[in-house]
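Note sheet for the following structure.
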Amino acid sequence: MSCSRRDFLKDAAGAAFVSSLPLSAFVVLTADEAKAAVANATVRWGYLVDTNKCTGCGMCVKACKNENEIPYDSPVTRTWVERYVVTKDGATHIDSPDGGRDGFTSDKIRDEEIDPDNIAKAFFVPKLCNQCDNPACVQVCPVGATYKTEDGVVLIDREWCIGCGYCIMACPYGVRFFHPEHKVADKCNFCYHRITKGMMPACVESCAFGARRLANLRDPDDPVTKIITTERVAVLKDEYGTKPHVFYLGLDNNVR
Amino acid sequence: MKRHVLHPLWVAIGVVGLIFFARLLLVPDDFGVHGDSFTYNYHRLGNIEEWKDFPVKYQGTATCLECHNDNARTHRRSPHKRVQCENCHGPAGNHPDDVEYLPLNKERAMCLRCHADLGYPASTARSNLPAIVDRHHKRGRECVSCHNPHDPREDVE
Numbered sequence: 084m085s086c087s088r089r090d091f092l093k094d095a096a097g098a099a100f101v102s103s104l105p106l107s108a109f110v111v112l113t114a115d116e117a118k119a120a121v122a123n124a125t126v127r128w129g130y131l132v133d134t135n136k137c138t139g140c141g142m143c144v145k146a147c148k149n150e151n152e153i154p155y156d157s158p159v160t161r162t163w164v165e166r167y168v169v170t171k172d173g174a175t176h177i178d179s180p181d182g183g184r185d186g187f188t189s190d191k192i193r194d195e196e197i198d199p200d201n202i203a204k205a206f207f208v209p210k211l212c213n214q215c216d217n218p219a220c221v222q223v224c225p226v227g228a229t230y231k232t233e234d235g236v237v238l239i240d241r242e243w244c245i246g247c248g249y250c251i252m253a254c255p256y257g258v259r260f261f262h263p264e265h266k267v268a269d270k271c272n273f274c275y276h277r278i279t280k281g282m283m284p285a286c287v288e289s290c291a292f293g294a295r296r297l298a299n300l301r302d303p304d305d306p307v308t309k310i311i312t313t314e315r316v317a318v319l320k321d322e323y324g325t326k327p328h329v330f331y332l333g334l335d336n337n338v339r
Numbered sequence: 363m364k365r366h367v368l369h370p371l372w373v374a375i376g377v378v379g380l381i382f383f384a385r386l387l388l389v390p391d392d393f394g395v396h397g398d399s400f401t402y403n404y405h406r407l408g409n410i411e412e413w414k415d416f417p418v419k420y421q422g423t424a425t426c427l428e429c430h431n432d433n434a435r436t437h438r439r440s441p442h443k444r445v446q447c448e449n450c451h452g453p454a455g456n457h458p459d460d461v462e463y464l465p466l467n468k469e470r471a472m473c474l475r476c477h478a479d480l481g482y483p484a485s486t487a488r489s490n491l492p493a494i495v496d497r498h499h500k501r502g503r504e505c506v507s508c509h510n511p512h513d514p515r516e517d518v519e
């Protein structure tokens, strides 16, 4: 195959021009669609948990259950708080009675007395849906009942869900559960009905210590986004490649 | 082709056609790919609005302050100001339109959520709060019978 310098330069210039054309240049949007596309691009919800500040009062779990109509006494919850007590011999004691709904008022862990002098460290870790960028739960849904919105929140269509439970198995964080009343899969959606009205999620609202905060990651002036982008934050189970969007300050290695 | 091949073939084609017809009727118009990914954005568009319409229950302290000045003012200058009204008083919902009285929780267990001494090291946030050992301090009594919850620095007269 022969190729003169002139041909090569011509082809290269053409290829550069074509590849520089944005794909959207070929799509004609209506005014509303264009507006929606721009508006959506300005929001990507994220979440910051400061484990240093959490006192394990469990108000967030209580508020979440009330706000989102999760049966109060059923052993299911959209968010929960875990307690970790690491003793000086290196053993880790973990519990989350009723998901921490009634707080942690006893020093016993699973009926086990732990000598306070033997405790190396103790902390509380709130958990909730990570609103992943690559949600494993959405990938496995056979009917298209769960999906990611433009602002990054993963929602479940209660009309469309057939209750097969694949997503509950697929989530590496175990945030999904079977809703005992609606008979469909359910999970945290950052209180989508609140955040789209400019309110904070119920758990953020009810946290007295600022341990839970919501961020718009597309807004560089958002104070919480600034913390996430400039401070040392960690995510849970990064190795699964799900790109979780709940960030943790002060996350300990013992947290699973 | 012979009839014994053609007949079942027509039946099979008919069944497939029926399935497509049923799909046309049963799948809503707004079901499809709404976004840039078939994997993540394949859904019924109307569901987003359904979630947005979910009723809000916790209205926030600012809403409470619109009417309740008395206790709220005391509360706003006390160490308890970080605690939202609705944490103890219950979610406002449509109060006062539908729900005249909110389910106030003044149980001892409510206070113990923060103020039970668990004996953890100072690095635990919990250890920086004033705390009691449940089994030693006024067992079984309601905290609010002595301590004013709106300003815990004051005693109840």
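In order, the protein sequence lines correspond to chains A and B.
If you're matching positions, the first sequence starts at 84 in my numbering and goes up one per residue.
If you're matching positions, the second sequence starts at 363 in my numbering and goes up one per residue.
Think of the CB as a built atom: it goes at the ideal place given N, C-alpha and C, for glycine as much as any other residue.
Because the structure is a prediction, the values reported are computed rather than measured.
Check                                                                                                                                                                    : Outcome
Spell out the partners DSSP gives residue 478 of chain B in its beta bridges.                                                                                            : B/494
Kindly list, in the order they appear in chain A, the residues whose Cβ is closer than 9 Å to that of residue 406 of chain B.                                            : 227, 228, 230, 240, 242, 243
Contact check, residue 450 of chain B vs residue 474 of chain B under 8 Å by CB: the rounded distance?                                                                   : At roughly 13 Å, the Cβ-Cβ gap does not stay under 8 Å, so residue 450 of chain B and residue 474 of chain B are not in contact.
State buried or exposed for residue 313 of chain A, treating a residue as buried only when at least 16 other CB atoms are found within 10 Å of its CB.                   : exposed
Looking at chain B, is there any beta carbon in it that lies within less than 7 Å of the beta carbon of residue 159 of chain A?                                          : no
Pull up the distance between the alpha-carbon of residue 200 of chain A and that of residue 219 of chain A, whole angstroms please.                                      : 43 Å
Can you check the region 391-477 of chain B for any alpha helix (DSSP H) of at least 4 residues that lies completely inside it and give the ranges in chain order?       : 408-414, 423-427, 432-438, 447-451, 470-477
Under 8 Å by Cβ, that's how I've got residue 329 of chain A and residue 338 of chain A pegged, so tell me the actual separation to the nearest angstrom.                 : Going by Cβ atoms, the distance from residue 329 of chain A to residue 338 of chain A rounds to 12 Å, so no, they are not a contact pair.
Below 7 Å on C-beta distance, what does residue 222 of chain A contact in chain B?                                                                                       : 401
Relative to the alpha-carbon of residue 335 of chain A, which residue among A/209, A/150, A/194 has its alpha-carbon at the smallest distance?                           : A/209
Round the Cβ separation of residue 149 of chain A and residue 419 of chain B to the nearest angstrom and send it over; I've been treating them as touching at under 8 Å. : 6 Å
Could you tell me which whole alpha helix (DSSP H) segments of length 4 or greater appear in the region 192-229 of chain A?                                              : 219-223
Is the distance from the Cβ of residue 217 of chain A to the Cβ of residue 145 of chain A below 7 Å?                                                                     : no
Give a yes or no on whether the minimum CB-CB distance between residue 186 of chain A and chain B is below 7 Å.                                                          : yes
What's the C-alpha gap between residue 179 of chain A and residue 204 of chain A?                                                                                        : 17 Å
Answer yes or no: do residue 270 of chain A and residue 259 of chain A have a C-beta to C-beta separation smaller than 7 Å?                                              : yes
Give the interface partners of residue 488 of chain B over in chain A, defined as CB-CB distance under 7 Å, in chain order.                                              : 138, 139
So if I threshold CB-CB distances at 9 Å, which residues from the region 279-306 of chain A count as touching chain B?                                                   : 279, 280, 282, 283, 285, 288, 289, 290, 291, 292, 293, 294
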